[in-house]
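Numbering (my numbering), first residue to last: -1 to 550.
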Amino acid sequence: MNSKSYTPSYNPTYQVTNQPRPLSGHNLYIGDQALQEAVHVNGAYWAKEELERYGEVCGRPEMIERGYAANEFKPIFESHDRSGHRIDLVRYHPSYHQLMQLALSEGLHSSPWTNPRPGANVARAAKNLLHSQLEAGHGCPITMTFASVPSIKLNPKIANEWIPKITNRTYDGSNRPYFEKSSLTIGMGMTEKQGGSDVRANTTTALPLEENTYELFGHKWFMSAPMCDAFLILAQTPSGLSCFLVPRWRPDGSKNQLEIQRLKTKCGNVSNASSEVEIRGALGWLIGEEGRGISAIIKMVALTRFDCMVGSTAGQRQAVIQAIYNASGRKAFGKKLIDQPLMQNVLADLQLEVEGSIALSMRMARAMDQEDSEHERMLLRLGAAVGKYWICKRSPHHAYEAMECLGGNGAIENFITARLYRDAPINAIWEGSGNIQALDVLRAITKTPTVISHWFDELGISRGINTLFDTAVDKLRNELSDLNQFEYRARHIVDQMALTMQAHLLLQGSSSCVTDAFIKSRIGASGLQNTGCLPTGIDIKTLLDRGNPLVT
């Protein structure tokens, strides 16, 4: 037997080739031409340096990792402590608290309230769009806290005590009474299992105790972020459905009777705890007037719907970033994926969707900044519902197509595209599904006909620039003048409203190549088409450069 030692030959199996390194260290704002242009044209040009700074923060590897950790380590519910006392405690991973702290320190929950100025909502929306690309779930309590302010102001006594703490830029995630904390977050409980979006079917009741103070009994089928310090909740009084602010702790320091039954097991948005809650004699303060609960909470709902638009736009943008970056770093069939004509078609189409989403979201943010104008107020009345419906509805398929650009890697959980795909349907359902949004648009048109006049006034600004656009606007006007089976056709009508508004806003922008591609593919095309079916003659290179996070 040969006694010589055996030396194995070198095995190159574990050399990693043809796989780009994880993307990090990029500036999410400087690398987003569409967002920069939309911020400028909608009046927040003054926020340029602030957004550039924050774009760099959101591209840091440690920030990106926090988004992964917050999703990997899901919230844990503890109903009782070790001695058997009811505590209703939800524990989050430290990364969740770090993301919350970052969001509040940047004023994502408060800046338009604490520093109102022209473009304040545009700047806040742009910053939120950057931040939401880190992780979507913790954005729920940030949005609800931001949106709660107009409703809470309907009770001046409560507002004086609570709003300074709600708008505070510090974060206190501790499980303590509200009066011991300097900063507070707000949640919302509207839907019940027997009614869902039909909140007038709610059975939770509120019995008066003393002036503006009530005792609530009932349940909520969805109450997100149950560790918030208080919740705006709808309940029935003798005068009808009313709105209440219900704290987790009573003024005497005892636990309020909000008893979490379980946390929902969701397909996406998993870092955010969504709960079912029994309300067993909880104390609540009346917000607004008895019997006018929907009127009291509707401003909060409108603002949360707007943030759904922004959040879904952020998901679309991050999906394109990942798809283009991956295609730029991988080869197949002899050349880079991004140089393959069919892949270029898909990637450019994905970027076009983002262009339209950003344009519509930022235009509605401008309307929020100018609500003293009747035109802007009427535009927002329709635009918030149209945008929420369209952008959120388009996101799941958009996320899937971007995921497919990564091949098998795209479906693996430690690639962000898998999370983007799981998260994508949530905004379309939260705060009113697609049908609710479409019917809300029709309700606004029939109840207040002037809103559609303002919509067409806005579209009229771009009339005469493009014949395909003009034809589409005329077709929309005809659709709206035909009341036959109006509700049955609601989705088709709102589809056309969204597309024509996006086309108009892009026509008012600075990129003729974007406008040309958008109108030819979205308005000029006939029949249903998959992503990647752009017509020939499109300026593909410009679209890919605009989508590439590393091209500035």
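In this text, a Cβ means the ideal position worked out from N, Cα and C, and glycines have one as well.
Computed from a predicted structure; not experimentally measured.
Of the candidates R115, E351 and S269, S269 places its Cα closest to the Cα of E70. A direct Cα-Cα distance of roughly 57 Å separates L505 from E208. Here the alpha carbons of Q314 and E351 stand approximately 8 Å from one another. Here Y212 carries a strand assignment [DSSP, helix/strand/coil]. Pairing N25 with E48 gives a Cβ-Cβ distance that is not under 8 Å. For the set A515, G187, N433 and F304, the Cα lying nearest the Cα of G216 is the one of G187.
In the three-state scheme derived from DSSP, where H, G and I count as helix and E and B as strand, A228 is classed as strand. T203 is bridged by DSSP to F215 and Q234. Linking F220 to P154 through their CA atoms gives a straight-line distance of about 28 Å.
Here A330 carries a strand assignment [DSSP, helix/strand/coil]. Its Cα nearest to that of R441, the residue I491 stands out among I491, P92 and S393.
Q259 carries a strand assignment under DSSP once its states are collapsed to helix, strand and coil. The beta carbon of K179 is closer than 8 Å to those of K163, D170, S172 and D227 in its chain, skipping five residues each way along the sequence.
In this chain, H83 is not harboured by any beta strand (DSSP E), its DSSP state being neither H nor E. For D30, the number of other beta carbons within 10 angstroms of its own is at least 16, and it is reported as buried.
Excluding sequence positions up to five before and after Y52, its CB lies within less than 6 Å of the CB of K125 and L128, all in the same chain and listed in chain order. By the Cβ-count criterion, G405 is exposed, with fewer than 16 other Cβ atoms from all chains shown falling within 10 Å of its own Cβ.
With 16 or more other Cβ atoms from the protein chains shown falling within 10 Å of its own Cβ, A383 counts as buried. Distance check between H91 and each of W453, F75 and G327 places F75 closest, using alpha-carbon atoms only.
By the C-beta criterion, the stretch 112 to 125 is judged to be in contact with the stretch 355 to 367, since at least 3 inter-stretch pairs fall below 8 Å.
Here the alpha carbon of I258 sits roughly 21 Å from the alpha carbon of G137.
Here the alpha carbon of L335 sits roughly 16 Å from the alpha carbon of L548.
In the three-state reduction of the DSSP assignment, L243 falls in the strand class.
Counting only the Cα atoms, I161 lies some 7 Å from V147. For the stretch 143 to 191, the full-length alpha helix (DSSP H) segments reaching 4 residues or more read 154 to 164 along the chain. Straight-line measurement puts the Cα of A436 at about 11 Å from the Cα of F484. One thing to note: G354 has its Cβ within 8 Å of the Cβ of F516.
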